[in-house]
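Counting in the working numbering, the sequence shown runs from 10 upward without gaps. Quick notes on the structure that follows.
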Amino acid sequence: MPSFVISGKVSYSRLQMHGLVCYNDFINCAIHQERTAADDEATKIKSSLKSIGVNLSDDLKNWSRSQLIKTLKEYCKKIKSKCSVAWLCVMSHGAEGIIYDFDRDAESPNFCQLNEIFTVLHDELSVGIPKVTKLACNISLWQ
Numbered sequence: 010m011p012s013f014v015i016s017g018k019v020s021y022s023r024l025q026m027h028g029l030v031c032y033n034d035f036i037n038c039a040i041h042q043e044r045t046a047a048d049d050e051a052t053k054i055k056s057s058l059k060s061i062g063v064n065l066s067d068d069l070k071n072w073s074r075s076q077l078i079k080t081l082k083e084y085c086k087k088i089k090s091k092c093s094v095a096w097l098c099v100m101s102h103g104a105e106g107i108i109y110d111f112d113r114d115a116e117s118p119n120f121c122q123l124n125e126i127f128t129v130l131h132d133e134l135s136v137g138i139p140k141v142t143k144l145a146c147n148i149s150l151w152q
């Protein structure tokens, strides 16, 4: 839906925008380096999204792969019938094609493949709903 202008400012009130912010800080994690600015980054992103009228779901902090996929499916189900634009921000560490999770369970993978995230968005939300994603991670260049 198009926006309209009031007193020189763009209004997004006609859009039904919904957002989800997921992030890991890796505080007290023996496996990954801490992301000391994670809370601050999440706060700034949420503030920016709110300023343009995005309705935010509860954050998902220090998630495991299974929690991320489950939360993403629930988020899509919740917003799918009333959403004009879906926003998703996932922040963590990662490597090519993957983003690390906070799961310490040795039986499950320690990462989520990026295509898993995009598959959930594609499968769970209508084709006509734009999906805006921001994936932010430190990718190690050394293996």
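Glycine included, C-beta positions come from ideal geometry on N, C-alpha and C. Just so we're clear, the structure is a prediction, and the values are computed from it rather than from any experiment.
- How would you call S73, buried or exposed, if buried means at least 16 neighbouring beta carbons within 10 angstroms? S73 is buried by the Cβ-count criterion.
- G62 to M26, Cα distance in whole Å? 7 Å
- Item | S101, enclosing alpha helix (DSSP H) - first and last residue | Note, S101: premise wrong, no alpha helix (DSSP H); beta strand (DSSP E) at V94 to A104.
- Item | Inside the stretch 111-146 only - beta strand (DSSP E) runs reaching at least 3 residues | 120-122
- DSSP three-state assignment for L77, whether helix, strand or coil: Judged by DSSP in its simplified three-state form, L77 adopts helix.
- Report buried or exposed for L141, applying the criterion of at least 16 other Cβ atoms within 10 angstroms of its Cβ. A quick correction: the sequence has Val, not Leu, at residue 141. Residue environment for V141: exposed (fewer than 16 other C-beta atoms within 10 angstroms of its C-beta).
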